[in-house]
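Visitor: When we follow the working numbering, the leftmost residue of the sequence shown carries the number 37, and every step to the right adds one. Idealized CB from N, CA, C, for every residue including glycine. One structure, pasted below without further comment.
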Amino acid sequence: MKNNLSFNSSLSKFGIGLFETIKVKDGIAIDLNTHIDRMLNSITCLDLNINYEKRFLIDEIVKYIEKENIINKALRITVFDEGYNISIREIPYNKEAYNKGLKLTISPIVRGDSLIYRHKTTNYFENIYTKNIANKNGYNDGIFINSDGVILECSMSNIFFIGGSKVYTPSSKLPILNGTIKKRIIKICDELHIELVENEINISEISSFDFVFVTNSLMGAMKVTEIDKTEFNKENVIFNKIIERL
Numbered sequence: 037m038k039n040n041l042s043f044n045s046s047l048s049k050f051g052i053g054l055f056e057t058i059k060v061k062d063g064i065a066i067d068l069n070t071h072i073d074r075m076l077n078s079i080t081c082l083d084l085n086i087n088y089e090k091r092f093l094i095d096e097i098v099k100y101i102e103k104e105n106i107i108n109k110a111l112r113i114t115v116f117d118e119g120y121n122i123s124i125r126e127i128p129y130n131k132e133a134y135n136k137g138l139k140l141t142i143s144p145i146v147r148g149d150s151l152i153y154r155h156k157t158t159n160y161f162e163n164i165y166t167k168n169i170a171n172k173n174g175y176n177d178g179i180f181i182n183s184d185g186v187i188l189e190c191s192m193s194n195i196f197f198i199g200g201s202k203v204y205t206p207s208s209k210l211p212i213l214n215g216t217i218k219k220r221i222i223k224i225c226d227e228l229h230i231e232l233v234e235n236e237i238n239i240s241e242i243s244s245f246d247f248v249f250v251t252n253s254l255m256g257a258m259k260v261t262e263i264d265k266t267e268f269n270k271e272n273v274i275f276n277k278i279i280e281r282l
């Protein structure tokens with residue numbers, strides 16, 4: 037495992053690398069296979085000069101968790117041309133955050149249709165900038181939209197809307213990262229016979245929805261109470277049914 041990075045590395049020079057953020061709960065890496073499969077798929081799709089076997093990466097993560105006696109943390113694995121690194125940090129979401137919900141704003145960055153957005157690369161400037169600007173203005177996170185006003189995703193999460201009895205989320209065909217929890221939400225909706233629609237949602241349409249929530253591997257799912265002064269319900273029966281299965 038690498039704890040130092042040379043200036044000759046493609047990660048150092050160009051930000052070329054991949055990472056996965058994995059929730060460790062009670063000493064178990066949640067959805068570990070899914071995370072590593074996504075990472076390896078990205079290596080292939082992006083034609084990166086990074087060579088690791090799935091079994092090796094999984095074994096290294098499991099050994100790291102055992103050696104460091106990790107119980108409940110956020111684990112990050114990064115792979116790049118010179119090697120790999122595993123690190124941990126605190127999970128930033130607590131009970132108060134879930135009860136209060138999130139306030140979102142539109143990112144000042146208008147995104148295009150790039151292959152890169154479909155992969156969890158280490159070139160995360162747009163995401164960090166968006167979140168920092170949102171925080172500076174009193175919001176928890178920012179929402180990326182494209183030049184047509186179509187909602188894509190948040191800087192750190194996927195986004196869902198509930199209108200009536202249906203759940204809506206930006207289409208997987210859009211330039212977004214299709215998160216591990218998003219996939220689980222889609223599966224849960226199918227199991228519960230809740231209609232889930234993947235399509236293009238314009239920012240001008242948000243007031244027509246009753247409820248909004250976001251998802252990522254660390255938070256699971258969390259309600260959104262406001263998007264740029266447009267307020268949403270703080271409780272929803274369909275959302276409650278979904279998170280009971282999550």
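On the criterion of 16 or more Cβ atoms from any shown chain inside 10 Å, does residue 229 qualify as buried, or is it exposed?
Guide: exposed
Visitor: For the alpha helix (DSSP H) containing residue 273, list its first residue and its last residue.
Guide: 273-281
Visitor: Write down the C-beta distance between residue 77 and residue 117 rounded to the nearest angstrom, noting that I regard them as a contact closer than 8 Å.
Guide: Taking a contact as a CB-CB distance under 8 Å, the pair residue 77 and residue 117 does not count as one, their CB atoms being some 18 Å apart.
Visitor: Compare the C-alpha of residue 232 against each of 241, 97, 208 and name the closest.
Guide: 208
Visitor: Which residues does DSSP pair with residue 200 in a beta bridge?
Guide: For residue 200, which the question treats as bridged, DSSP gives no partner whatsoever.
Visitor: Which residue from 177, 95, 115 puts its Cα closest to that of residue 47?
Guide: 115
Visitor: On the DSSP letters alone, give me the boundaries of the alpha helix (DSSP H) that residue 247 sits inside.
Guide: It is not in any alpha helix (DSSP H) - residue 247 instead sits in the beta strand (DSSP E) that spans 247-252.
Visitor: Please return the same chain residues whose Cβ sits closer than 6 Å to the Cβ of residue 182, not counting the five positions on each side in sequence.
Guide: 147
Visitor: Going by DSSP in three states, residue 126 sits in which element: helix, strand or coil?
Guide: coil
Visitor: How big is the Cα-Cα spacing for residue 259 and residue 246?
Guide: Spanning the alpha carbons of residue 259 and residue 246 requires a straight line of approximately 11 Å.
Visitor: Exposed or buried, which one is residue 277 when buried takes at least 16 other CB atoms within 10 Å?
Guide: Around the Cβ of residue 277, a 10 Å sphere holds fewer than 16 other Cβ atoms; the residue is exposed.
Visitor: Which runs of the alpha helix (DSSP H) fall wholly inside the region 74-154 and span at least 4 residues, in chain order?
Guide: At a cut-off of 4 residues, the continuous stretches assigned as alpha helix (DSSP H) that sit fully inside the region 74-154 are 90-103, 131-136.
Visitor: Smallest Cα separation from residue 106: which of 90, 123, 94?
Guide: Of the listed residues, the one whose Cα sits closest to residue 106 is 123.
Visitor: Figure out for me which residue from 237, 185, 184 has the closest Cα to the Cα of residue 203.
Guide: 237
Visitor: Between the region 151-168 and the region 50-70, can you find at least three pairs of beta-carbon atoms closer than 8 Å?
Guide: Yes: at least three Cβ pairs fall under 8 Å.
Visitor: Looking only at its own chain, which residues have a Cβ that is under 7 Å from the Cβ of residue 82, when we skip the five neighbours before and after it?
Guide: 155
Visitor: So, with DSSP's three-state summary, where would you put residue 159?
Guide: coil
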